[in-house]
Amino acid sequence: MDFRALLMGLAFALIWSSAFTSARIIVADASPLASLALRFFLSGLIGVAIARMLGQSWRLTRDQWRATIVFGICQNAMYLGLNFYAMQTVEASLASIIASLMPLMVAFAGWVVFRDRLPALGIVGLILGIGGVALIMSARMEAGVDMYGVALCLIGAMALTVATLSMRAMSAGGNLMMVVGLQMFVGSAVLAIASALTETIRVDVTPELMAAFAYTVLVPGLLATWIWFALVARIGATKAATFHFLNPFFGVAIAALLLGERLGTRDVIGVAIIAAGILAVQLSRQRKT
């Protein structure tokens, strides 16, 4: 892994983790699904405009179109939509911890569903991840966490797992920024329909809302997505996914710094255990390949 790939991975992990804090700020002042649909629409417009300026084509390969639709629905509409809705009652730190389980879910799905061989180190990593989650959830349940919101976050993490499995087709064949922009439109359309059917639109315009929304559109929405696709194309999905072990640390640190969310001893220990589990799983997959 070269130095540029290292910087890209660190930047992605930091930005990806910060999105939970900005989302928590947004849903405090605006309808979650409607605001997310607007975010993706604006990000899509910007992404496609940049792609056209770079000379990229609308003509994607069949695999790219299929993966763009799957990614747009599973990550943008389901994963982020469910997380935005859940973060009306679930803290950003807990949402980021649950979402960070995605690499463990990918490894588990490959092991159980697709019969991929998982080395002993990977199995240890899965056990560590489960143990870390159990430790954190025991502390949060004692504090009265909203279990419905937690369930939505878990379903969202499963959808993110499916989206991740479609990544290889998206990053092959060029037109990377065009793919980024188009999958934003897919998510926007699905979320707009869901909002129209389920929400009464509310907006309380505040400086915090405007700043968080602009940040979410430009940085996690466009920049982080482009970095991730470029990183996968540069070093492969397995090596790129190793950076996910940083997400629990970054997620809880940013939430504590900007939102003042408190972390107990079991939270801190659980985050460290989950991060170790993610790293173990990713290292075992690299050794296998």
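Mind the numbering: the sequence shown is residues 142 to 430 in the working numbering, read in order.
For every residue, glycine included, the Cβ atom is placed at its ideal position computed from N, Cα and C.
task = Select from F182, V274, M194, L301 the residue whose C-alpha is nearest the C-alpha of L221.
result = Along the sequence shown, one-based indexing puts residue 221 at 80. Among F182, V274, M194, L301, the Cα nearest to that of L221 is on L301.
query = Going by the CB atoms, is the gap between E349 and I166 shorter than 8 Å?
reply = For this step, residue 166 is matched to residue 25 along the sequence shown. For this step, residue 349 is matched to residue 208 along the sequence shown. Yes; because the gap between Cβ atoms is below 8 Å, this pair is in contact.
message = Assuming A298 and I239 are in contact, meaning their beta carbons sit under 8 Å apart, how far apart are those beta carbons, in whole angstroms?
response = Counting from one through the sequence shown, the residue named residue 298 turns up at place 157. Counting from one through the sequence shown, the residue named residue 239 turns up at place 98. Their Cβ separation, rounded to whole angstroms, is 6 Å, which keeps A298 and I239 in contact under 8 Å.
inquiry  = Are the CB atoms of V291 and I415 within a distance shorter than 8 Å?
reply    = Taking the sequence shown and counting its residues from 1, the one referred to as residue 415 is at position 274. Taking the sequence shown and counting its residues from 1, the one referred to as residue 291 is at position 150. Note that the C-beta distance between I415 and V291 is not below 8 Å.
query = Name the DSSP bridge partner or partners of A171?
reply = Translated into the one-based positions of the sequence shown, residue 171 becomes position 30. DSSP output for A171 lists V344 as bridge partner(s).
Integer Cβ distance of S184 from M319, believed to fall under 8 Å = Within the sequence shown, numbered from 1, the residue matching residue 184 stands at position 43. Within the sequence shown, numbered from 1, the residue matching residue 319 stands at position 178. With 8 Å as the limit, S184 and M319 do not qualify as a contact, their Cβ atoms being about 13 Å apart.
query = Would the beta-carbon of I210 fall within 8 Å of that of V321?
reply = As a first step, residue 210 is located in the sequence shown; it is residue number 69 there, counting from the start. As a first step, residue 321 is located in the sequence shown; it is residue number 180 there, counting from the start. Cβ atoms of I210 and V321: not closer than 8 Å.
query = Where do the ends of the alpha helix (DSSP H) carrying N388 lie?
reply = As a first step, residue 388 must be located in the sequence shown, where it is residue number 247. Per DSSP, N388 is one residue of the alpha helix (DSSP H) stretching across 388 to 400.
task = Compute the distance between the beta-carbons of I277 and D408, then report whether it is under 8 Å.
result = Translated into positions along the sequence shown, residue 277 becomes position 136. Translated into positions along the sequence shown, residue 408 becomes position 267. Yes, the Cβ-Cβ distance between I277 and D408 is below 8 Å.
key: DSSP three-state assignment for R200, whether helix, strand or coil   = The count along the sequence shown starts at 1 and reaches residue 200 at position 59. Reduced to three states, the DSSP call for R200 is coil.
Which listed residue (R145, Q229, V265, A160) has its alpha carbon closest to that of A365 = As a position in the sequence shown, residue 365 is number 224, starting the count at 1. Minimum Cα-Cα distance from A365 among the listed residues R145, Q229, V265, A160 corresponds to A160.
inquiry  = Does P260 come out as helix, strand or coil in the three-state DSSP assignment?
reply    = Stepping through the sequence shown from its first residue, residue 260 is reached at position 119. DSSP places P260 in coil when its eight states are reduced to three.
ask   = Does the distance from the C-beta atom of L269 to that of A421 stay below 8 Å?
value = Counting from one through the sequence shown, the residue named residue 269 turns up at place 128. Counting from one through the sequence shown, the residue named residue 421 turns up at place 280. Contact: yes.
query = Among residues of its own chain, excluding the 5 on either side of A227, which ones have a beta-carbon nearer than 6 Å to its beta-carbon?
reply = In the sequence shown, the residue the question calls residue 227 occupies position 86. Result list for A227: G290, L293, C294, in chain order.
inquiry  = Excluding the 5 residues flanking A218 on each side, which residues of the same chain have their C-beta closer than 6 Å to its C-beta?
reply    = Taking the sequence shown and counting its residues from 1, one reaches residue 218 at position 77. If we look at A218 and ignore the five residues flanking it on each side, its Cβ neighbours are G328, V331, L332.
inquiry  = Would L398 and F153 qualify as a contact pair, given that the criterion is a beta-carbon distance under 8 Å?
reply    = Mapped onto the sequence shown, residue 398 falls at position 257. Mapped onto the sequence shown, residue 153 falls at position 12. Taking C-beta atoms as the reference points, L398 and F153 fail to come closer than 8 Å.
ask   = By how many angstroms is the C-alpha of A382 removed from the C-alpha of I419?
value = Along the sequence shown, one-based indexing puts residue 419 at 278. Along the sequence shown, one-based indexing puts residue 382 at 241. Going by the C-alpha atoms only, they are around 9 Å apart.
key: Straight-line gap, R203 to V189 (C-alpha atoms, nearest Å)   = Locating residue 203 in the sequence shown gives position 62, counting from the first residue. Locating residue 189 in the sequence shown gives position 48, counting from the first residue. Spanning the two alpha carbons is a distance of roughly 19 Å.
key: Start-to-end residues for the alpha helix (DSSP H) that takes in R403   = In the sequence shown, the residue the question calls residue 403 occupies position 262. Segment: none, R403 is in no alpha helix (DSSP H) and carries neither H nor E.
task = Give the DSSP-derived three-state secondary structure of Q229 in the structure shown.
result = The residue given as residue 229 occupies position 88 in the sequence shown. Residue state, collapsed to three classes: coil.
task = Within the region 237 to 286, note down every full alpha helix (DSSP H) run reaching 4 residues or more, in order along the chain.
result = 243 to 253, 261 to 283
request  = Give the straight-line distance between the Cα atoms of A236 and G196, rounded to the nearest whole angstrom.
outcome  = The residue you call residue 236 lines up with position 95 of the sequence shown. The residue you call residue 196 lines up with position 55 of the sequence shown. The straight-line gap from Cα to Cα measures roughly 38 Å.
6 Å CB neighbourhood of T357 in its chain, flanking five on each side removed = The residue given as residue 357 occupies position 216 in the sequence shown. Once the five neighbours on either side are set aside, the close Cβ partners of T357 are S163, R180.
CA-to-CA distance, I264 to V254, given in whole angstroms = On the sequence shown, position 113 is the one that residue 254 refers to. On the sequence shown, position 123 is the one that residue 264 refers to. Their Cα atoms are separated by approximately 15 Å.
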